[in-house]
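Trainee: Below you'll find the structure I mean.
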Amino acid sequence: MTTHLHLVSLGCPKNLVDSEVLLGSLLSSGYQPVDDPSDADVIVVNTCAFISEATEESIDTILELARHKSESRCRYLVVAGCMAQRYAQDLEAALPEVDYFVGTGELDRIPALLKNRPAQKVFADLPGDIPRDHVP
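Sequential numbering from 21 applies to the sequence shown in the working numbering.
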């Protein structure tokens, strides 16, 4: 059975590159991208928190996409990137509809998280970039 994925990338060009690397990793793990979030089993939002407007846009986007967990077929909502790295503990309490918060240094863990479904929701201990030497 194919798992459909909708990925949203917010913020700077670095986030876009991280999103492309993450998408390659998810495609290699068997996920099929879809343009419409209502067709997705998994939604990933790669967030930005560089300035307050970017943080607000990220939160608005998360809340908008979270409705697909109750209105559509979405089973998992993942918040990744800068905002998850910086505010994961606060976000976990404020956004119970999010299944996982994954920081910038652990984006490559997302396919395994979705496969193994650990009870822990926050993975933001390692700051930094996605290792790009082994990721499509």
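The C-beta atom is built at its ideal place from N, Cα and C for all residues, glycine as well. Just so we're clear, the structure is a prediction, and the values are computed from it rather than from any experiment.
Please report the straight-line C-alpha distance between arginine 95 and aspartate 61, rounded to a whole angstrom.
Mentor: The sequence position of residue 95 within the sequence shown is 75, counting from 1. The sequence position of residue 61 within the sequence shown is 41, counting from 1. Their backbone Cα atoms lie some 5 Å apart in a straight line.
Trainee: Please identify the residue among Lys89, Glu40 and Ser29 whose C-alpha is closest to the C-alpha of threonine 75.
Mentor: The residue you call residue 75 lines up with position 55 of the sequence shown. The shortest Cα separation from threonine 75 among Lys89, Glu40 and Ser29 belongs to Ser29.
Trainee: What are the start and end residues of each continuous alpha helix (DSSP H) run of 4 or more residues lying completely inside the region 45-80, in chain order?
Mentor: For the region 45-80, not a single whole alpha helix (DSSP H) run of length 4 or above is found.
Trainee: Can you give me the C-alpha to C-alpha distance between glutamate 40 and tyrosine 51, rounded to a whole angstrom?
Mentor: Position 20 of the sequence shown, counted from the start, is the residue given in the question as residue 40. Position 31 of the sequence shown, counted from the start, is the residue given in the question as residue 51. Taking the straight line joining both Cα atoms gives about 14 Å.
Trainee: Verify whether the separation of the beta carbon atoms of proline 131 and leucine 46 is less than 8 Å.
Mentor: What you label residue 131 is simply residue 111 of the sequence shown in a count that begins at 1. What you label residue 46 is simply residue 26 of the sequence shown in a count that begins at 1. Taking 8 Å as the Cβ cut-off, proline 131 and leucine 46 qualify as a contacting pair.
Trainee: Relative to the C-alpha of glutamate 126, which residue among Arg93, Asn66 and Arg87 is closest?
Mentor: Numbered from 1 along the sequence shown, position 106 holds the residue referred to as residue 126. Closest by alpha carbon: Asn66.
Trainee: Which residues in the same chain as alanine 86 place their Cβ atom closer than 8 Å to its Cβ, once the five residues preceding and following it in sequence are excluded?
Mentor: Taking the first residue of the sequence shown as position 1, residue 86 is located at position 66. Excluding sequence neighbours, alanine 86 sits near Leu97, Leu115, Glu117 and Val118.
Trainee: Are the CB atoms of histidine 24 and serine 58 within a distance shorter than 8 Å?
Mentor: Numbered from its first residue, the sequence shown carries residue 58 at position 38. Numbered from its first residue, the sequence shown carries residue 24 at position 4. Result no, Cβ atoms of serine 58 and histidine 24 do not sit closer than 8 Å.
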